[in-house]
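Protein chains: 2
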Amino acid sequence: MTTGTRKRARRGEGAALHTEILDAARQLLAETGSDEAVSVRAVAERVGVSTPSIYLHFADKDALIDAVCESVFADLGQAMEAAAEGVADPFDALKERGLAYVRFALANPEHYRIVLMSRGNAANSAAHMLTTSTYQNLVESVRQCQQAGVFSRDSDPTELGTSLWAAAHGIAALLISNPALVDPDHQMLVVEQVISAAGLGLALLQRIPQQAGDPCPADLVAGLDAALGPPQAYVGPVGS
Amino acid sequence: MTTGTRKRARRGEGAALHTEILDAARQLLAETGSDEAVSVRAVAERVGVSTPSIYLHFADKDALIDAVCESVFADLGQAMEAAAEGVADPFDALKERGLAYVRFALANPEHYRIVLMSRGNAANSAAHMLTTSTYQNLVESVRQCQQAGVFSRDSDPTELGTSLWAAAHGIAALLISNPALVDPDHQMLVVEQVISAAGLGLALLQRIPQQAGDPCPADLVAGLDAALGPPQAYVGPVGS
DNA sequence: TGTACATCAGTGAACGCGCGTTCACTGATGTAC
DNA sequence: TGTACATCAGTGAACGCGCGTTCACTGATGTAC
């Protein structure tokens, strides 16, 4: 059932098919959302080429899936950078990155799922991830917040970055697995709440005295009330 | 290759095999961590029974996997309740629930993975999840924090619960996918930081004036500094 | 108490399926002379 | 300019595999008389 509509590549133009295969795999992934469902056969058919042709361009199925993950992860990083571009305040920039992260995840749920919610692809491995510019940019963003006095300069920026990442990943993953968990109208509000709370919470946590035993939580809350007033239901920032 | 070591159940004792199958599936899942890897054949062999016997107790493979998820999710809920038991302060109790959640996830990574990180099992569906006591207990815990003045009484407790859940799920999922992301010695410290920051962050967020436009983040941080002093690197609560 | 029979937990063998991968091949493209 | 040849992108058919599931069966257990 090969379609045969494709023209054969000229000498040295094999790279074109390489890209087409990658794109087709991404497409298929977006439609099905599972690497199990993206079969070598299906990719070949989508491209309009015979199944064994895939092996001319990728060593095996894993290599293909890994390449897809790599490219999705790079796009995620780009979305984050674009969102932070031109934002002067580093704490704001950090938040924008976080929001862009979740926006990307919700806009590309099936891609996000395979890159960050499934097991055993090379892209999703600590050793590799820590070297990506996507992650390095996040850490750099945290570092700028440390310089600006939001977080302590004595903290490990990668550790803070991981904590913030966890918040973004958590709400993204939860909403992807379970879109009905929150009312669609409130969805971005909840996302924003989670992202903001993670950043503010870490900043606050670093300002609570740790030496003299746990300040009891009731006192802590009383302190917040004294300084800032009683809590109000969150209705989101005016600007969004 | 059926082992045949089992004795046949007496009349009306079919339920025993039902339980044995469930346990074997959980065992297998813990070893492999993927519902794809848990095959009906493998489960049958583990129990010491022929493959078709499984169908005497479960309609099909999905029903079996769903039953496993159900039971894991119930255990998770129990772990959370046990951790919160006897903790007087509701904000503390909420935190203990969160810590227990992540501890359970890290102790049972493969079980956690299939219940909360994979797609398409009945247990992991919003409609069902919202009715579980595991989730209801979390919401109740949030509600008690509202009564105690930690969070506004005007907030939606399920929405706050979801936000807190996101933080716990995020760090759990990240560390399960990627254990090397943080130094093992710091692992629980990071977890605690994320959980605490989520709770504190939401409490703080509700105390920031929202009417008169965004308070600019620099002012916000300056306010924290004025009230509480400059940030210090987090070294964790004394008590843990 | 003994025997014929119904019940039902569990079995062995087979089904069709889609998968990743391999292999010997074809035939258009470019090159050497 | 023409021809023989090397190259290499792409193919068709087949491989073995493990899977979920079905089906006609077996034989121990309990029951009716």
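Chains A and B, in that order, give the protein sequences. Its first residue numbered 1, the first sequence is counted upward by one per residue in our numbering. Its first residue numbered 1, the second sequence is counted upward by one per residue in our numbering. Where a beta carbon is used, it is the ideal one built from N, C-alpha and C, also for glycine.
For residue 34(A), does the three-state DSSP call read helix, strand or coil? Numbered from 1 along the first sequence, position 34 holds the residue referred to as residue 34(A). Looking at residue 34(A) - three-state DSSP - the assignment turns out to be coil, as it is neither helix nor strand.
Keeping to the same chain, check which residues put their C-beta closer than 6 Å to that of residue 173(B); ignore five residues upstream and five downstream. Within the second sequence, residue 173(B) is the residue found at index 173, counting from 1. Closer than 6 Å at Cβ, skipping near neighbours: 117.
Tell me the DSSP secondary structure of residue 16(A) in three-state form. Sequence index remark: in the first sequence, residue 16(A) carries index 16 (1-based). Helix.
Taking 8 Å as the cut-off, does the region 65–76 of chain A touch the region 19–34 of chain A (at least 3 CB pairs, one atom from each stretch)? Output reads yes: the region 65–76 of chain A touches the region 19–34 of chain A.
With a threshold of 8 Å between beta carbons, is residue 151(A) in contact with chain B? Counting from one through the first sequence, the residue named residue 151(A) turns up at place 151. By this cut-off, residue 151(A) is an interface position.
Please look up how many angstroms separate the CB atoms of residue 77(A) and residue 137(A), rounded, as I've assumed it's under 8 Å. Start at 1 with the first residue of the first sequence, and residue 77(A) comes out as number 77. Start at 1 with the first residue of the first sequence, and residue 137(A) comes out as number 137. Going by Cβ atoms, the distance from residue 77(A) to residue 137(A) rounds to 6 Å, so yes, they are a contact pair.
Using a Cβ-Cβ cut-off of less than 8 Å, give me the residues of the region 67–92 of chain A that come near chain B, in sequence order. 89, 91 and 92
So, under 8 Å CB-CB, residue 27(B) and residue 46(B) are touching, yes? Tell me the CB distance rounded to an integer number of Å. In the second sequence, the residue the question calls residue 27(B) occupies position 27. In the second sequence, the residue the question calls residue 46(B) occupies position 46. About 7 Å; that satisfies the 8 Å criterion.
Using a C-beta cutoff of 8 Å, does residue 244(A) count as contacting chain B? Because chain A is modelled from 1 through 240, residue 244(A) falls outside the range shown and cannot be assessed.
With 16 as the cutoff for other CB atoms within 10 Å, does residue 192(A) come out buried or exposed? Position 192 of the first sequence, counted from the first residue, corresponds to residue 192(A). Within a 10 Å sphere around the beta-carbon of residue 192(A) sit 16 or more other beta-carbons, which makes this residue buried.
Where do the N-terminal and C-terminal ends of the alpha helix (DSSP H) with residue 183(B) fall, by residue? Numbered from its first residue, the second sequence carries residue 183(B) at position 183. First-last for residue 183(B): undefined, no H or E at that position.
Where residue 43(B) and residue 16(B) are concerned, what is the direct C-alpha to C-alpha distance, given to the nearest angstrom? Sequence index remark: in the second sequence, residue 43(B) carries index 43 (1-based). Sequence index remark: in the second sequence, residue 16(B) carries index 16 (1-based). Roughly 15 Å between the two C-alpha positions.
For residue 200(B), go through chain A and note every residue whose CB falls closer than 7 Å to its CB, in chain order. What you label residue 200(B) is simply residue 200 of the second sequence in a count that begins at 1. By Cβ distance, chain A contributes 201, 204 and 205.
Beta-carbon separation of residue 159(B) and residue 169(A) under 8 Å? Taking the second sequence and counting its residues from 1, one reaches residue 159(B) at position 159. Taking the first sequence and counting its residues from 1, one reaches residue 169(A) at position 169. Not a contact, by the Cβ cut-off of 8 Å.
Alpha carbon to alpha carbon, what distance is there between residue 161(A) and residue 195(B)? By 1-based counting over the second sequence, the position of residue 195(B) is 195. By 1-based counting over the first sequence, the position of residue 161(A) is 161. Using only the alpha carbons, I get a separation of about 15 Å.
Count the other CB atoms, across all protein chains shown, that sit within 10 Å of the CB of residue 110(A); report buried if there are 16 or more and exposed otherwise. By 1-based counting over the first sequence, the position of residue 110(A) is 110. Looking at its Cβ environment, which holds 16 or more other Cβ atoms inside 10 Å, residue 110(A) is buried.
Tell me which residues share the same chain as residue 163(B) and place their Cβ nearer than 8 Å to its Cβ, disregarding the 5 neighbours each side in the sequence. Here residue 163(B) refers to the residue found at position 163 of the second sequence. Correct list, in chain order: 198 and 202.
Using 8 Å as the limit for Cβ to Cβ distance, is residue 210(A) near chain B? In the first sequence, the residue the question calls residue 210(A) occupies position 210. True, the Cβ-Cβ gap to chain B drops below 8 Å.
Anticipated Cβ contact below 8 Å, residue 97(A) with residue 141(A), distance rounded: Translated into positions along the first sequence, residue 97(A) becomes position 97. Translated into positions along the first sequence, residue 141(A) becomes position 141. Taking the Cβ atoms as the reference, residue 97(A) lies roughly 6 Å from residue 141(A), within the contact range of under 8 Å.
Taking the continuous alpha helix (DSSP H) assigned at residue 73(B), which residues delimit it? Taking the second sequence and counting its residues from 1, the one referred to as residue 73(B) is at position 73. 61–84 is the extent of the alpha helix (DSSP H) around residue 73(B).
At 4 residues or longer, what runs of the alpha helix (DSSP H) sit wholly inside the region 130–212 of chain B? 133–147, 157–177 and 187–205
Let me know the secondary structure DSSP gives residue 57(A) once reduced to three states. Your numbering for residue 57(A) matches position 57 in the first sequence. In the structure shown, residue 57(A) sits in coil (DSSP, three-state: anything other than H, G, I, E or B).
Nearest-angstrom Cα distance between residue 32(B) and residue 38(B)? For the purposes of this step, residue 32(B) is taken as the residue at position 32 of the second sequence. For the purposes of this step, residue 38(B) is taken as the residue at position 38 of the second sequence. The straight-line gap from Cα to Cα measures roughly 7 Å.
Can you give me the C-alpha to C-alpha distance between residue 208(A) and residue 225(A), rounded to a whole angstrom? Residue numbering aside, residue 208(A) sits at position 208 when the first sequence is read from its first letter. Residue numbering aside, residue 225(A) sits at position 225 when the first sequence is read from its first letter. Going by C-alpha positions, residue 208(A) is about 15 Å away from residue 225(A).
In the structure shown, what three-state DSSP assignment does residue 112(B) receive? Counted from its first residue, the second sequence places residue 112(B) at position 112. DSSP places residue 112(B) in the helix class (H, G or I) of the three-state scheme.
Does residue 36(A) have its Cβ less than 8 Å from a Cβ in chain B? Counting from 1 along the first sequence, the entry for residue 36(A) is found at position 36. Yes, residue 36(A) lies at the interface with chain B (some Cβ there is under 8 Å from its Cβ).
Could you tell me which chain B residues have their CB closer than 7 Å to the CB of residue 190(A), listed as they occur along the chain? The residue given as residue 190(A) occupies position 190 in the first sequence. The contacting residues are 159, 162 and 163.
Taking the Cβ atom as the reference point for each residue, do residue 155(A) and residue 147(A) lie within a distance shorter than 8 Å? Along the first sequence, one-based indexing puts residue 155(A) at 155. Along the first sequence, one-based indexing puts residue 147(A) at 147. Taking 8 Å as the cut-off, the beta carbon of residue 155(A) is found no closer than this to the beta carbon of residue 147(A).
So, are the CB atoms of residue 122(B) and residue 60(B) less than 8 Å apart? If you number the second sequence from 1, residue 122(B) lands on position 122. If you number the second sequence from 1, residue 60(B) lands on position 60. In this structure, residue 60(B) does not lie closer than 8 Å to residue 122(B) by Cβ.
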